[in-house]
Each structure stands twice: as C-alpha cells, then as structure tokens.
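Chemist: I'd like to ask some things about the structure below.
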Amino acid sequence: MPLMMRADTLEYATATITADHDITGKTIEVSLPAAGNAPSTWVPADVVNVAPVSGGRFTATYRVLIGPAGDFTLPPGIYDWTLRLTDTPEVPVRFVDKVTITATTA
Numbered sequence: 004m005p006l007m008m009r010a011d012t013l014e015y016a017t018a019t020i021t022a023d024h025d026i027t028g029k030t031i032e033v034s035l036p037a038a039g040n041a042p043s044t045w046v047p048a049d050v051v052n053v054a055p056v057s058g059g060r061f062t063a064t065y066r067v068l069i070g071p072a073g074d075f076t077l078p079p080g081i082y083d084w085t086l087r088l089t090d091t092p093e094v095p096v097r098f099v100d101k102v103t104i105t106a107t108t109a
C-alpha cells in the first residue's frame, strides 16, 4: 500500500523483505529517488527484526525516518521506495512501493 505523508511530518516508514535464507546482520539500505529516476543516494535502514518464516525463509522488518531532520527530507512529490540488501555475493535492488509527499497545507 503506497505511503502518503505531509512534507512537515517526521515519522518512521516501515517495510519488510523476505529472503530464502537467514539475513540476520545483512545491510539493508533505502533510496527514495523521484518517481521514475534511478536510485543514487542510499541510507542505511534500521533493522527492527529478522524472523524465520516457513520453508527456511526469513523476513526482515526495517525502517527509515522520513521528514525534516530525518533520513530523508523530501519536498512534495512522488518517490520510488527502493531497497538494497547487501548479502555477499548477491546485492539485490528492489522497488518496494511509492511514497507520496503532500504539501503542508490541506
């Protein structure tokens, strides 16, 4: 479900990734380029939890702080939430969802 936030809010945005093996201790980074653009700036995410799920798979819940003085301070617009998982030798980069930042007035 796409995330929608006002430009003047400061809050954590949380997501999950599922892998076919244990990803405990792996680096998860997030980029929020303007929609349709390639990621260029990566910010390490806070990994909240890594838990096993069925079939030997693991789910990692991670978050970044979006808003003034956060990991990302974004003007109004639409952004592509992009994830990068450093899991040597693999380094998958995946589109997660859209993030819409609205103006501070209704």
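Numbering-wise (this note's numbering), the sequence shown opens with residue 4 and increments by one.
We treat Cβ as the ideally placed atom computed from N, Cα and C, and that holds for glycine.
1) Could you tell me if residue 114 is buried or exposed, where buried requires 16 or more neighbouring beta carbons within 10 angstroms of its beta carbon?
2) According to the Cβ coordinates, are residue 100 and residue 36 closer than 8 Å?
3) At the level of alpha carbons, what is the spacing between residue 20 and residue 62?
4) Considering only their Cβ atoms, is the gap separating residue 68 from residue 15 smaller than 8 Å?
5) In whole angstroms, what separates the C-alpha of residue 23 from that of residue 42?
6) Taking the C-alpha atoms as reference points, what is the distance between residue 92 and residue 66?
7) For residue 50 and residue 11, I'd like the C-alpha separation in whole angstroms.
8) Could you tell me which uninterrupted beta strand (DSSP E) segments, each at least 3 residues in length, are contained entirely in the stretch 40-104, listed from first to last along the chain?
9) Can you tell me whether residue 6 is helix, strand or coil according to DSSP?
10) Tell me the rounded alpha-carbon separation between residue 104 and residue 38.
11) Kindly give me the distance between the Cβ atoms of residue 17 and residue 85, rounded to whole angstroms, as I take these residues to be in contact under 8 Å.
Modeler: On the basis of the data shown:
1) Nothing in the structure corresponds to residue 114, since the chain is present only between 4 and 109.
2) no
3) 6 Å
4) yes
5) 25 Å
6) Each residue's Cα considered, the two are about 24 Å apart.
7) 25 Å
8) 49-55, 61-69 and 80-89
9) strand
10) 12 Å
11) No, residue 17 and residue 85 are not in contact; Cβ-Cβ is about 15 Å, not under 8 Å.
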